[in-house]
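Some notes on the structure that comes next.
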Amino acid sequence: MSTEEIRAALAEIVNEVAGIPADNVQLDKSFSDDLDVDSLSMVEVVVEAEEKFGVTIPDDEVKNLKTVGDAVSYIERNRAS
Amino acid sequence: MSRTRVVVTGLGTTSPLGGDVASTWEGLLAGRSGVRDLGDVAEGLPVTIGAPAAVDPTEVLDRVVARRLDRSSQLALVAALEAWADSGLDVVQAAGDLVSERFGVAFASGIGGVHTLLSNHAILLEKGPRRVSPISVPMLMANAPAATISLKLGARGPVNTPVSACASGNEAISLAADQIRLGRVDVAIAGGTEAAIHPLPIAAFANMMALSKNPGDPTTVSRPFDNARDGFVLGEGAGALVLESLEHAQARGARIYAEVLGTGITADAHDIAQPDPEGRGGTRALRLAVQDAGVSPADIAHVNAHATSTPQGDVAESLMLHAVLGSHASELVVSATKSMTGHLLGGAGALEGVATVLALHHRIAPPTINLDDKDERVELDVATKPTDLPQGDIAAINNSFGFGGANVAVVFGTPT
């Protein structure tokens, strides 16, 4: 999966969970400040992403995923290839 | 000092007969049954019929709002939003003229977010704890419907969740009226909701022999007061009433459907599931409500009976009405609307509260269907067709009884 494919798939999850238009879910956007994804919704996004991308995102790591780009690069680094 | 009077200024419902008040009331007057074969959800169960909500709440609510709510809260929100708009208080609120701290909610559920609990349990077993939804607790908690309404409409007064099984919805009406009478709030949304059409509750109710096992046409199975009755039919939906102090309603020129004249709440302390065969607790609740209302038996023109279509309960209710109202109990018009809606458990008293208020407002009592051969022990005039109620100042009673021995009666009156 390319970076863009991961971003697009993550955007679908964010849209499903929080109703944010998928086009707004760009790499530079902050989940909380720009996209208004609250902490419980973020946990839902993380759990969905774990299943979708076959990664594990520990609770301690979630706080470091401030932007969409943070999440996409974490997924890229940790995906079983 | 005169007591604060409480009036009903808004109504809402989403029921087995329709997704709003107008379609539900039309269905009730037409004698239409909302009971049907449940299809796949009930496959392999001892009972395969029920009365699901006619309109799926996820088709009405915003998708993102709906996915964070258990179905019971979705139904509650649909009913509450309709009642709120119907009262005209949405306009008052939009103009900044509603004091949110003087606005409360009393909204009940008998069972709570059972779909959320059980679907997450299935996920836990199948996929492990990591996949359990992080929002399952706020979705399944007992006060989720009340809290959902408070959040959506900005109610910052007391937000209560009375739970008394099948009496819950009527208890919510009583509690909301009390909050207004005590001067704690000016406005309250009262009601109840239930969404328990799921294999586990169906199996559990069936195993305790509470549900009808009547074969044949599902629309004929719920038959309160009839000799062939053998248990209730599980229904689904919500009812909501906007209650307001008379002063608050009059100050804004609100349409007043009816007045909450009095309430009575008691417990049997007899059995966790069986009603007292002589209906003593229910009789006390009725007597307290009539006394609280300050009306005489002759003023009571209509009763929306609890009448779930169980062998014992329906007879006990007739005894209670006679014990409190004397011979007049045989003269007033009784409706058993569960014959059409099935039994909404925690939503029942609220939906039937809406029906009772509409009966007074339109001065017509809905029919009871499937009453082909009345149990002779039931000495009541049970309407089988829509029946006119008298003109003048009249009152009506909404009865509800629940597991745990809960008894709640609410007396409504035409506005004066």
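Sequence order for the protein chains is A and B. Counted the way our numbering counts, the first sequence spans residues 1 to 81. Counted the way our numbering counts, the second sequence spans residues 1001 to 1416. Even glycine gets a Cβ: it sits at the ideal position worked out from N, Cα and C.
Nearest residue (CA-CA) to residue i, options the options
i	options	result
V1382 of chain B	B:A1329, B:L1344, B:A1406 and B:N1399	B:A1329
R1284 of chain B	B:I1369, B:V1324 and B:A1177	B:V1324
R1181 of chain B	B:A1172, B:H1343, B:S1245 and B:V1055	B:S1245
P1224 of chain B	B:P1057, B:P1367 and B:A1030	B:P1367
E1171 of chain B	B:E1352, B:L1360, B:R1363 and B:V1091	B:E1352
V1187 of chain B	B:D1097, B:H1115, B:A1228 and B:G1264	B:D1097
H1362 of chain B	B:H1302, B:L1319 and B:A1094	B:H1302
A1305 of chain B	B:V1315, B:V1334 and B:I1364	B:V1334
G1404 of chain B	B:C1166, B:L1380 and B:V1315	B:C1166
V1055 of chain B	B:T1014, B:S1087, B:G1044 and B:G1031	B:T1014
P1390 of chain B	B:V1411, B:W1084, B:N1398 and B:A1365	B:A1365
D1090 of chain B	B:A1177, B:T1009, B:H1322 and B:E1278	B:T1009
P1145 of chain B	B:S1168, B:P1215, B:G1034 and B:A1316	B:S1168
G1237 of chain B	B:L1028, B:L1029 and B:A1076	B:A1076
A1206 of chain B	B:E1026, B:V1021 and B:L1045	B:L1045
A1307 of chain B	B:V1411, B:L1345, B:A1298 and B:D1292	B:L1345
P1199 of chain B	B:N1227, B:Q1250 and B:L1118	B:L1118
L1319 of chain B	B:T1220, B:G1183, B:D1375 and B:G1216	B:D1375
T3 of chain A	A:S32, A:S41 and A:V72	A:V72
P1138 of chain B	B:H1115, B:T1058 and B:M1209	B:H1115
R1229 of chain B	B:V1260, B:N1398, B:V1242 and B:S1309	B:S1309
G1157 of chain B	B:R1184, B:G1191, B:P1016 and B:A1254	B:R1184
I1300 of chain B	B:A1176, B:A1409, B:R1032 and B:L1017	B:A1409
Where residue i sits in the DSSP three-state scheme
i	result
F1205 of chain B	helix
R1377 of chain B	coil
H1322 of chain B	helix
V1105 of chain B	strand
D1268 of chain B	coil
I13 of chain A	helix
N1398 of chain B	strand
I1259 of chain B	Before going further, note that residue 1259 of chain B is Glu rather than Ile in the sequence given. DSSP places E1259 of chain B in strand when its eight states are reduced to three.
H1302 of chain B	strand
I1111 of chain B	coil
S1335 of chain B	strand
G1128 of chain B	coil
S1330 of chain B	helix
V1382 of chain B	strand
S1136 of chain B	helix
G1281 of chain B	helix
R1067 of chain B	helix
V1055 of chain B	coil
I1049 of chain B	strand
Within chain B, partners of residue i - CB distance below 8 Å
i	result
A11 of chain A	Simply none; closest approach about 15 Å.
Spatial distance of residue i from residue j (CA atoms)
i	j	result
G1154 of chain B	A1142 of chain B	19 Å
K1338 of chain B	I13 of chain A	42 Å
D38 of chain A	V17 of chain A	11 Å
E99 of chain A	P1134 of chain B	Shown here, chain A extends from 1 to 81; a query on residue 99 of chain A therefore has no answer.
G1039 of chain B	G1050 of chain B	10 Å
D1276 of chain B	A1204 of chain B	22 Å
G1349 of chain B	L35 of chain A	42 Å
A1082 of chain B	G1012 of chain B	A small fix is needed here, since residue 1082 of chain B is Glu in this sequence, not Ala. Each residue's Cα considered, the two are about 5 Å apart.
R1036 of chain B	A1042 of chain B	11 Å
G1413 of chain B	V1357 of chain B	8 Å
V1290 of chain B	D1373 of chain B	31 Å
I1272 of chain B	A1080 of chain B	31 Å
T1263 of chain B	I1173 of chain B	9 Å
E1278 of chain B	N1120 of chain B	42 Å
F1232 of chain B	V1047 of chain B	11 Å
L1332 of chain B	M42 of chain A	58 Å
R1110 of chain B	K1385 of chain B	Inspection of the sequence shows that residue 1110 of chain B is occupied by Gly rather than by Arg. Their backbone Cα atoms lie some 31 Å apart in a straight line.
V47 of chain A	S30 of chain A	18 Å
E50 of chain A	I57 of chain A	7 Å
Chain-ordered neighbours of residue i on chain A, where CB pairs are closer than 8 Å
i	result
P1134 of chain B	L40, V43, E44 and V47
R1130 of chain B	V47 and E50
Interface partners of residue i on chain A, CB under 7 Å
i	result
V1064 of chain B	A18 and G19
Identified DSSP bridge partners for residue i
i	result
L1241 of chain B	B:L1011 and B:A1190
H1198 of chain B	Answer is none; H1198 of chain B lacks a bridge partner.
I1364 of chain B	B:D1388
I75 of chain A	I75 of chain A is not bridged to any residue.
N1160 of chain B	B:A1106
V1410 of chain B	B:T1263 and B:N1398
Neighbour flag for residue i against chain E, beta carbons, 8 Å
i	result
A1022 of chain B	In summary, chain E is missing from the structure at hand, where the protein chains are A and B.
Cβ-heavy atom distance, residue i to the ligand HEM, below 7 Å
i	result
S1150 of chain B	The ligand HEM is absent from the structure shown, which contains no ligands of any kind.
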